[in-house]
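One structure is given below, encoded as C-alpha cells.
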Amino acid sequence: DSVKNGNNNQFKKESKKMNAAPQELLKEYVKSQHFTSTTEIMTAMKEMFRDVVQTAMEVELDEELGRERCQRAEALETAPNYRNGYSRKTVKTQLGEIEIKVPRDRNSSFEPKIIGKYSRNADGMEEKVIGLYASGMSQQDIAEQIKELYGVEISPELVTKITEKIMPEVTAWQNRPLEAVYPFVFMDAIHYKVKEDRRYVTKAAYVVLGITMDGRKDILGVWIGEHESSKFWLSVLNDLKSRGVLDVYLFCTDGLCGMMQAIQAVYPNSRLQRCIVHQIRSSTRFVSWKDIKKVVADLKKIYTAVTLEEAEYALLQFGETWRKQYPSCVKSWEENWEVLSTFYEYPPEIRKIIYTTNIIEGLNRQFRQITKNKPSFTSDDSLRRMLYLAAQRITKRWRTMCSNWDLVLSQLQLMFADRAVG
Numbered sequence: 004d005s006v007k008n009g010n011n012n013q014f015k016k017e018s019k020k021m022n023a024a025p026q027e028l029l030k031e032y033v034k035s036q037h038f039t040s041t042t043e044i045m046t047a048m049k050e051m052f053r054d055v056v057q058t059a060m061e062v063e064l065d066e067e068l069g070r071e072r073c074q075r076a077e078a079l080e081t082a083p084n085y086r087n088g089y090s091r092k093t094v095k096t097q098l099g100e101i102e103i104k105v106p107r108d109r110n111s112s113f114e115p116k117i118i119g120k121y122s123r124n125a126d127g128m129e130e131k132v133i134g135l136y137a138s139g140m141s142q143q144d145i146a147e148q149i150k151e152l153y154g155v156e157i158s159p160e161l162v163t164k165i166t167e168k169i170m171p172e173v174t175a176w177q178n179r180p181l182e183a184v185y186p187f188v189f190m191d192a193i194h195y196k197v198k199e200d201r202r203y204v205t206k207a208a209y210v211v212l213g214i215t216m217d218g219r220k221d222i223l224g225v226w227i228g229e230h231e232s233s234k235f236w237l238s239v240l241n242d243l244k245s246r247g248v249l250d251v252y253l254f255c256t257d258g259l260c261g262m263m264q265a266i267q268a269v270y271p272n273s274r275l276q277r278c279i280v281h282q283i284r285s286s287t288r289f290v291s292w293k294d295i296k297k298v299v300a301d302l303k304k305i306y307t308a309v310t311l312e313e314a315e316y317a318l319l320q321f322g323e324t325w326r327k328q329y330p331s332c333v334k335s336w337e338e339n340w341e342v343l344s345t346f347y348e349y350p351p352e353i354r355k356i357i358y359t360t361n362i363i364e365g366l367n368r369q370f371r372q373i374t375k376n377k378p379s380f381t382s383d384d385s386l387r388r389m390l391y392l393a394a395q396r397i398t399k400r401w402r403t404m405c406s407n408w409d410l411v412l413s414q415l416q417l418m419f420a421d422r423a424v425g
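Under the working numbering, think of the first position of the sequence shown as 4, with each following residue one higher.
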C-alpha cells in the first residue's frame with residue numbers, strides 16, 4: 004500500500020508540473036492581450052480555436068504521409084504521396100464562423116477526421132441542432148436560436164439536411180432485434196398532419212410499447228400508416244416477429260380496428276385485453292349528462308368486481324337497468340365482453356397493469372408535448388425522425404421497473420410455465 008500511495012503522489016506531482024506550464028503561458032497571453040470585455044475574450048477564443056483546428060489537420064496529414072511538413076522523402080518510390088496545397092472552407096462552430104485551410108495531398112486520399120471532408124459544421128454544432136429539433140422546435144426557430152446563441156446564420160433548409168442525416172440511425176432503431184418474450188405489449192396511435200401529393204392528410208403514428216421480463220418499459224417501434232385495419236396490424240405484428248419476438252402473453256389496446264384477427268394470425272396463444280377506460284368513454288358518448296353519473300357508477304360495479312362471475316352478474320344488472328334508455332351503451336359492453344373481461348383471469352397485481360392502456364397514453368402525451376410546435380410534417384420520414392428523437396429523450400428518463408414486479412414475475416412464471424421460450 005505504501006508503494007502504491009507513493010506512486011500516486013508522484014503521479015500527482017508530475018500532473019501539477021504539466022499543468023503549471025500551460026497556466027503560466029495562459030497568464031502571459033492574457034497580460035499581452037489587455038482584454039477589456041468578454042466580447043474580446045470570445046473573439047480571441049475563436050481565433051485560438053481556428054488555430055488549434057488548423058494544427059490538428061496538419062498533424063493528421065503528417066501522420067498520413069509519414070513525415071512532417073518540412074521533411075522531404077528520400078526517394079519518391081518510398082513515399083509517392085505528398086502535400087498539395089490547401090482548400091479554403093468556412094466552418095460553423097459554437098463560437099461563430101471560422102475560415103480554415105484544409106491541407107490536401109497529391110493523391111486526394113487524405114480525409115481530415117477533426118472536420119469531415121464534406122462537413123461545414125464543427126464543435127458539436129450538428130448535435131446542438133439535432134438536440135433542439137428533438138425538443139420540438141421548428142426549423143425556423145432552430146435557425147433563429149443558433150443565430151442568437153452563437154452568431155451563426157443557418158437556414159431552415161440546412162436544419163432539415165442536418166436532421167436527415169440521422170435517418171440511417173432511425174431505420175436501425177426501428178429494425179433492431181427485440182427480446183424473445185414480452186409479458187405485456189401495449190398499442191396505441193397518435194394522429195398528425197403529413198404532406199402527401201402536395202396536400203396534407205391525416206396519418207397515424209402507431210406506437211408499440213412492451214414490458215420486458217425484467218419489468219422495464221421499452222418502445223418497440225413506431226409505424227406510420229393511413230388506414231387502420233387488420234391487414235395493417237398484421238404487418239406490424241409480423242414485423243415484431245421477424246425482429247425476434249416469439250411470444251407475447253397479453254396485448255392491451257384501446258379497441259383498435261382489426262386487432263383481434265391480427266393477433267390470432269401471428270400470436271395465436273396470446274390474449275387481448277381492451278382498455279376499460281376507453282370502453283367507458285366510447286360507450287357513454289351519447290348518455291345524457293343528467294344520467295352520466297348513475298351510468299358510470301353502475302359500470303364501476305362491473306370492472307371492479309373481484310371475480311368474473313360477479314362481473315357478469317353486474318353486467319346483467321346494468322343491461323336490465325339501462326337497455327331501454329341507452330341500448331347502444333349496453334350493446335357495446337355485451338358485444339366486447341370477451342376482450343373486456345380477460346383481466347379477471349389474473350391476480351390483482353397483473354390486473355393493475357393490463358386493465359387500462361394508461362401506460363402508453365402517458366408516453367403519447369409526452370410525444371404530443373414535444374411535437375406541439377409542429378402542426379404538420381413534410382413527409383413520413385420527417386415524422387419518423389421527430390418521434391425517434393423524442394423516444395430517445397423519453398426513454399432516458401425511464402429508470403424504474405413496474406410496481407411489485409417481483410411478485411408479478413413469479414405469478415407470470417407459474418401461469419405461463421408452458422410458454423417458456425428457449
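Cβ atoms here follow ideal geometry from the backbone N, Cα and C, with glycine treated the same way.
Point to revise | Cβ separation of T345 and Q276, assumed to be a contact under 8 Å, to the nearest whole Å | key: Taking the sequence shown and counting its residues from 1, one reaches residue 345 at position 342. Taking the sequence shown and counting its residues from 1, one reaches residue 276 at position 273. That pair is a contact at about 4 Å.
Check your understanding: Using the rule of at least 16 other Cβ atoms within 10 Å of the residue's Cβ for burial, across every protein chain shown, is L410 buried or exposed?
Key -> On the sequence shown, residue 410 is found 407 positions in, with the first residue counted as 1. Per the 10 Å Cβ criterion, exposed.
**Study point:** Collapsed DSSP secondary structure at P350 in the structure displayed
**Key:** As a first step, residue 350 is located in the sequence shown; it is residue number 347 there, counting from the start. Three-state DSSP puts P350 in coil, outside helix and strand.
Exercise for review: State the start and end residues of the unbroken beta strand (DSSP E) segment that holds Y203.
Suggested key: Indexing the sequence shown from 1 puts residue 203 at position 200. Looking at the DSSP string, the run of the beta strand (DSSP E) that includes Y203 is R202 to I214.
Point to revise | Pick from W325, T324, A265 and I357 that is closest to Y306, judged by C-alpha positions | key: What you label residue 306 is simply residue 303 of the sequence shown in a count that begins at 1. Of W325, T324, A265 and I357, the residue nearest in Cα terms is I357.
Practice item. Buried or exposed for F38, please, with buried defined as at least 16 other CB atoms from any protein chain shown within 10 angstroms of its CB. Key: Within the sequence shown, numbered from 1, the residue matching residue 38 stands at position 35. Per the 10 Å Cβ criterion, exposed.
Practice item. Could you name the residues of the same chain whose beta carbon sits closer than 8 Å to that of Q148, not counting the 5 residues immediately before and after it, in chain order? Key: In the sequence shown, the residue the question calls residue 148 occupies position 145. Within the same chain, Q148 has close Cβ partners L135 and M140.
Review point. Got a sec: does the ligand FMN put a non-hydrogen atom nearer than 7 Å to the Cβ of K34?
Key: This structure lacks the ligand FMN; in fact it carries no ligand of any kind.
Practice item. Please name the residue, chosen from Q328, L390 and F321, that lies closest to E337 on a Cα-to-Cα basis. Key: Taking the sequence shown and counting its residues from 1, the one referred to as residue 337 is at position 334. The shortest C-alpha separation from E337 is found at F321.
Practice item. From the DSSP output, in three-state form, read off M190 for me. Key: In the sequence shown, counting from the first residue as 1, residue 190 sits at position 187. M190 falls in the strand class under three-state DSSP.
Check your understanding: Closest to P180 by CA distance: which of V248, K30 and K168 is it?
Key -> On the sequence shown, position 177 is the one that residue 180 refers to. The candidate whose alpha carbon is nearest that of P180 is V248.
Check your understanding: Among all the DSSP beta bridges, which residues are the ones paired with F254?
Key -> Walking along the sequence shown from the start, residue 254 turns up at place 251. V188 and L275, per the DSSP bridge assignment.
Point to revise | Distance CB(K198)-CB(S379) smaller than 8 Å | key: For this step, residue 198 is matched to residue 195 along the sequence shown. For this step, residue 379 is matched to residue 376 along the sequence shown. Yes, these two residues count as a Cβ contact at 8 Å.
Check your understanding: Would you call the CB atoms of T166 and R422 closer than 8 Å?
Key -> Your numbering for residue 166 matches position 163 in the sequence shown. Your numbering for residue 422 matches position 419 in the sequence shown. Against a cut-off of 8 Å, the Cβ pair of R422 and T166 comes out as no contact.
Practice item. Would you identify the three-state DSSP class for D217, choosing helix, strand or coil? Key: Against the sequence shown, residue 217 aligns to sequence position 214. Coil at D217, not helix or strand.
**Study point:** chain B contact for I169 (CB, 8 Å cutoff)
**Key:** Protein chains in the displayed structure number just one, and chain B is not present.
Check your understanding: How about K206 and E229: do their beta carbons lie closer than 8 Å?
Key -> Here the question's residue 206 lines up with position 203 in the sequence shown. Here the question's residue 229 lines up with position 226 in the sequence shown. Yes, Cβ-Cβ distance for K206 and E229 is below 8 Å.
Review point. In its own chain, which residues sit with a C-beta less than 8 Å from the C-beta of K295, not counting the 5 before and 5 after it?
Key: Counted from its first residue, the sequence shown places residue 295 at position 292. One point to set straight first is that residue 295 is Ile, not Lys, in the sequence displayed. Cβ neighbours of I295 beyond the five flanking positions: T287.
Review point. Contact check, G218 vs L412 under 8 Å by CB: the rounded distance?
Key: In the sequence shown, counting from the first residue as 1, residue 218 sits at position 215. In the sequence shown, counting from the first residue as 1, residue 412 sits at position 409. Their Cβ separation, rounded to whole angstroms, is 7 Å, which keeps G218 and L412 in contact under 8 Å.
Check your understanding: Hey, V210 and I363 are a contact pair by Cβ (cut 8 Å); roughly how many whole angstroms apart?
Key -> What you label residue 210 is simply residue 207 of the sequence shown in a count that begins at 1. What you label residue 363 is simply residue 360 of the sequence shown in a count that begins at 1. Between I363 and V210 the Cβ distance is about 6 Å, and since that is below 8 Å, they are a contact.
**Study point:** Helix, strand or coil at G261 according to DSSP, with G and I counted as helix
**Key:** Position 258 of the sequence shown holds residue 261. If DSSP states are grouped into helix, strand and coil, G261 belongs with coil.
Practice item. Report all residues from its chain with a CB closer than 6 Å to the CB of Q177; omit the five preceding and five following residues, and keep chain order. Key: As a first step, residue 177 must be located in the sequence shown, where it is residue number 174. Around Q177: G224.
Exercise for review: Indicate whether D383 and M170 have their beta-carbon atoms separated by less than 8 Å.
Suggested key: Within the sequence shown, numbered from 1, the residue matching residue 383 stands at position 380. Within the sequence shown, numbered from 1, the residue matching residue 170 stands at position 167. Not a contact, by the Cβ cut-off of 8 Å.
Exercise for review: Classify W401 as helix, strand or coil using the three-state DSSP reduction.
Suggested key: For the purposes of this step, residue 401 is taken as the residue at position 398 of the sequence shown. In the structure shown, W401 sits in coil (DSSP, three-state: anything other than H, G, I, E or B).
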